[in-house]
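Positions in the sequence shown are counted from 1; adding 2 to them yields our numbering. Positions of the beta carbon are idealized from the N, C-alpha and C atoms, including for glycine. To start, the structure under review is shown below, and the notes come after it.
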Amino acid sequence: TLRPYQSQAVKWMIHREKYSHLEQFLLGGEKVELPSGGILADEMGLGKTIEVLACILNNPSDVRTGNLPGRKKHKKSRKRKRKIRYYSSEEEEEEEEEDEDSEEEYAKRIRIDETIESVIANSCSNSNGTRRPVKKVGINQDKYTLLRRWYEDSLSSVSTVPQPKPLRGTESQLRCYCDRTPDDDATAQCCSCGHTLHLVCAGLDYEPEEGSFFCSECWTKRDPVPSRATFIVTPSSIFQQWISEIDNHIKGTKLKVLLYDGVKGNKYIQPVELADNDVVITTYQVLQNELNYTDTESVEPRVLRYAKKFYTAKSPLPCVHWWRLCLDEAQMVEGVSTRIATMTRQLRATHRWAVTGTPTQKSIHDLFGLIQYLQVIPYSKATAWYKLAENKDNLFSLLGRLLWRSNKIDVYHMLGVPDQSVITHWLSFSPIEGYFYQRMHRECSGKFRDKLFRLDDLNVSLNAVDRRLTHQLMIPLIKLRQACIHPQAVRGRYITGSGKHMITMDELMTNMIAKAKLEVEGALRTVVSCYNGKAALKIILKDWPGAAKHYRLVLQFAEEFKELASVDTLQMIHTLFNLAEILSEHSENIPPTLRDDKLLEEASALEQTFLQKYDKKLKNTRVSVAKMTALVAEQCGGRTLGYSSWWVHVLNWSSDREDILERIKSDLEDNKTTGQVSLSSKIRSIPAVHKEISIWLANADSLRLDVIVALRKLELIPKGELTMAASDCHLTATKKKNKNVKFTCPLCCAESSLTKYEASIFSINKQNLKPGGSVCADEDDDDYFDADNKVVAGLKEVEVHTTKKESNWKPSQHERILKVLSTYARLKKMPVEWVEESQCHLTLLETVRKEFKWLRAEWMALSHTISIRDELSMAKLRLRLPTALEEMQFQNKKIPLDSFIVRFVEIDAQMSKFEWDATEALIKLRKKAGTLQYLQNLKNNGSVSQEACPVCHEALNEKWSVMECGHCVCFQCIPTLLDMGMSSEVECPLCRMRTGKGDLSYVVANREASSVLEEGSDIKVKGSFSTKVEAVTAQLLQLRQTDPDVKVLIFSTWEKVLDLLCSALESNEISYRRFSSLPKYKNGLQQFKTKPVTALLLPLRLGGKGLNIVEATHVFLVEPILNPADELQAAGRVHRIGQTKPTFVHRFVVEKTIEERMVSSLEGISSEKNLTLKQLDDLFILGGVKEG
């Protein structure tokens, strides 16, 4: 039984369908023609589906659909014809057996009139049909002569001139929709164009009469088929819901319902058959795909690169004139240029209906898409519509005739639905989450305002801003909203290696401390660099006390921050060495300290510690090389790599040489390396294989010995000499400046030998063998190929020998040939001693390849050691003036000055730069150090602070404020410090460092999920999660404790957030289902309704529209939603007709974040597109103080 407001809506719909042709009126001086139909815009949950079904039943069509193509009548005839029918699989097998018998009988009746002699005779006849005279000399001679002449005549008819081939894909050659050539016995021919199609592909299960069948192409050129059907288009998420509503409410009627799946996949349906239904239901996804199978309006035919090979089925939807066209959730056609909107404009219908609970989401112009779909003349054109939208009176006059809407508040007394309550859960961040959020807020607000400052007027709405700029402005806002939920939900640079594992708060703490420590080390490195530079300039100016002062300040910084970070070793060696040199040569006027006598000792100790790390690695590598070399010697018995001749025996034994060559070539082609020339082109015979293998084994053995000898020579050369030679060769830019210098150090000579040896025993790309780009060892050898030389990576004009990573070390092509021969010997069961010897030989070659990796590792370790020694010598250098020769070369622009050379005229500017950079870097260092200290204390002491407030000396307990220097002050003393300080800064009472008001952190310790739980609740959430995820989980546990059968809908904008919630629900044994368009979640909604499942997780874009889930009574909104219409849609899934229990909407909001600003600032705004840039900017306010 319809409710009163539903009856009124149905009566209005029927009136619109029956009498709309009488409604023509003038509006603004223009004649308006209203369509037969309109916009049914009842609010969510008021039963619009029932109203549409009632309209279908009360106003049926009297149109009679045309008949299907007639079935072909078969007459008895001696000429064989095969009937075309479709059976089940068993019947089809029986029919095939009958056809086989009939084929045999038919073949028996065929007479073979022509023999070989008659064929020959006919071929040898003249053009006029007379036979040529043939001299008969016996039967055999006669046959030979006839055959010879027939061959010559046939040969003469063949032309050597190439004939033009027929064009592929001509009309007569086109295949069926299924891309197969139609068979004569299972086809239907179009009576209009003559196209031949399979019956199944044409949408028929019988053979039609001649002249009654049309192909899909010809249907598009004919008048549309009149239909009594109502064509309903719905979102895929509520497709099954429509079917359920039809089953539940119109069981007694004999409606013929069709679920249309589209043309894709050879599912073509004849338009006449499609029209012969009462209701046809499809989805927007299918409708969108159907556009690919239609001829769009005003589009020229596409020019194909290749000729068309088969027909393409055209969509039958535009070939039917529907009685009624109904779009559910019609806001899908708001965008007039979308594929869905384009397809709906091609459909023809007597009555057009747009069913939507939210006809406008962004602005009044959202209605233009609906007006264009309804074909309201003249307002279906953009110019007329925008003119109408400017006159509100005329616009409301038109909508008053065209739109019907019942608000829930007006008809609430008729629904019988219990009330819905809204509960807001206010949450507070844990200290580490608060720190993470502040970092994200600082980054996002900066990026947002960088984009915003390009605009002059901030009072314009977001809808009026360029779409690309809007997207750029929304990205920081989205990231900040995600940071309120869980740090892992943000695609940020702070969390790494997350994957599917949900990061815990302890892991977040560790990551944040590691990040903060790196920042402190970077800031300290900058400070030390500036002070060392200032000291060097003082030395140039011969201000020895000033230079000593700056060097001692570096030592002071190192001592001050030693608990948080250590000064770079090379920088410390530079400071100690140069300070000791000044004190030894210019100690006058420099006050002494107790540390002066130990400076050189400290520098020497640092050098030794630094070198020992690399020397130890080199020593360990050489031990491993010795073990591998001994193993190779043991396996080959002191002989060469080609000690065995088993492969020669295999090559000579094989009788089928083509077979073995084919096996070798096939293996080489299958394992070809990119950029390498294959040996398959050289191997054309067994002797060629013998030659290649012999030469390769001899070369590999020779190159191996060369590499070992070169490395042993390097071991005998003192490292000091190697360092000097490498410095003159490749560790400086001397060669780049003077190309006439030609010198190669022993290290580079050994590297060259390694490269040649590597190219011999491995199958690698030749491009990877460039100097300094050798292929490095595999992942097992990472200990010897790590980035420990990062201390030199930042130095300018230094060339370092690096390696290029390869995924594996593939054996050479020659070794692959030996493996093929070994396998071949085993398959052909050759002598056992050959097979065993081949296995030993291949094992030796594998050991040789492993040995090379350690040889390369030894060279790399030695190279790193030499590079570090060179860097240690360079670390002691300081800024200096250019020599006369260098100055002259610089003046002549022949050679530029090195980075550590400064001209005298540049000293003042350079000093000023160092002063400015040092001041900024020191401020930054203290801020970063304070942050690191705060995080370390937080980790060591837990959530409760063990310190006392430095102002009032009271215990901080569970609430305090943190300054950028890391010191903490209680909440009560912060206002006092704010009054005493400057307008925008607070001075720390301990270190006097100033902190901006926006940079103050407010910590509420002992944050538990109890904020969302009832008082006295004993519920404990298992696992370490973020504040919001824990609150959602705790609320679910509490609801389930109160009502074990409770069902909850959980909405979020982002799928990543739902993934994180899934992990929390699984840890706490809460049953749930996911709603998604993915196949694995297909039955999630039905299982949630029918099985004991507590939670259903839905993305807002899919689950917030059209669904009827009255089985649930609670709706969780994980984050505030910018678009209020989306929030209403989500809440309307449970608060609708059919609901018998009170419903609740739970909002989870984090205090003092952008979420709180959204809740307080966006009330009364109908859409995020109606936001002004000023309102959007106001969202980026942290703790009541606007940043920037």
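| Item | Value |
| --- | --- |
| Cα separation between L924 and K1176? | 36 Å |
| Following the continuous alpha helix (DSSP H) through K1091, name the residue where it begins and the one where it ends. | 1086 to 1092 |
| Roughly how many whole angstroms lie between the Cα atoms of T805 and P748? | The pLDDT assigned to T805 is 36, lower than 50, so where the model puts this residue is not dependable; a value taken from the coordinates is nonetheless given after this. Between T805 and P748, the C-alpha separation is close to 19 Å. |
| Kindly indicate the opening and closing residues of the beta strand (DSSP E) around Y1074. | 1074 to 1076 |
| C970 bridges to which residues according to DSSP? | V964 |
| Under a three-way DSSP split, which group does H353 fall into? | strand |
| Have a look at the DSSP bridge pairing and note the partners of Y270. | Answer is none; Y270 lacks a bridge partner. |
| On the DSSP bridge list, what partners appear for T1145? | Q422 |
| Taking all protein chains shown into account, do 16 or more other C-beta atoms lie within 10 angstroms of the C-beta of P1094, making it buried, or fewer, making it exposed? | exposed |
| State buried or exposed for W918, treating a residue as buried only when at least 16 other CB atoms are found within 10 Å of its CB. | exposed |
| Would you tell me roughly how many angstroms separate the C-alpha atoms of T528 and E565, rounded to the nearest one? | 18 Å |
| When DSSP labels each residue in this structure, what does D981 get in the three-state scheme? | helix |
| Between V413 and the rest of its own chain, which residues show a CB-CB distance below 6 Å, the 5 nearest in sequence each way excluded? | Y7 |
| In three-state DSSP terms, what is E19? | helix |
| With 16 as the cutoff for other CB atoms within 10 Å, does K13 come out buried or exposed? | exposed |
| CB K999 to CB S1069, shorter than 8 Å? | no |
| From S382, E922, I710, K256, pick the residue whose C-alpha is nearest to that of K855; which is it? | I710 |
| How many angstroms separate the CA atom of Q1043 from the CA atom of Q1037? | 10 Å |
| Taking the alpha-carbon of I248 as reference, which of R554, K50, E211 has the nearest alpha-carbon? | K50 |
| Here's a check: name, in chain order, each residue in its chain whose Cβ is nearer than 6 Å to the Cβ of R5, leaving out the five neighbours to either side. | M416 |
| State whether the region 346 to 364 contacts the region 34 to 50, with contact taken as three or more CB pairs (one from each stretch) at a distance under 8 Å. | yes |
| Roughly how many angstroms lie between the CA atoms of V335 and L372, to the nearest whole one? | 7 Å |
| According to DSSP, is L1119 helix, strand or coil? | strand |
| To the nearest whole angstrom, what separates the beta carbons of A827 and S840, a pair I think is in contact under 8 Å? | 6 Å |
| With DSSP as the reference, please indicate the residues paired to T1044 in a beta bridge. | Looking at the DSSP assignment, T1044 forms no beta bridge with any residue, so it has no partner. |
| For L1209, does the three-state DSSP call read helix, strand or coil? | No answer is possible for residue 1209: the residues shown for the chain start at 3 and end at 1190. |
| Whole angstroms are fine: how far does the CA of A1066 sit from the CA of F1027? | 7 Å |
| Tell me T1174's beta-bridge partners as DSSP assigns them. | S463 |
| Quick one, are the C-beta atoms of H1137 and G47 less than 8 Å apart? | yes |
| Find the nearest neighbour of T933 within the set K1030, A518, F916, judged by alpha-carbon distance. | A518 |
| Determine the contact status of P884 and I870, defining contact as a CB-CB distance below 8 Å. | no |
| What are the residues that DSSP puts in a beta bridge with K33? | L28 |
| Hey, quick one: how far does the alpha helix (DSSP H) through C751 stretch, first residue to last? | 748 to 763 |
| So who's on the other strand from S1054, going by DSSP bridges? | P1101 |
| Start and end of the alpha helix (DSSP H) containing E660? | 659 to 672 |
| Looking only at its chain, what residues have a beta carbon closer than 7 Å to the beta carbon of C57, apart from the 5 residues adjacent to it on each side? | V12, M15, I16 |
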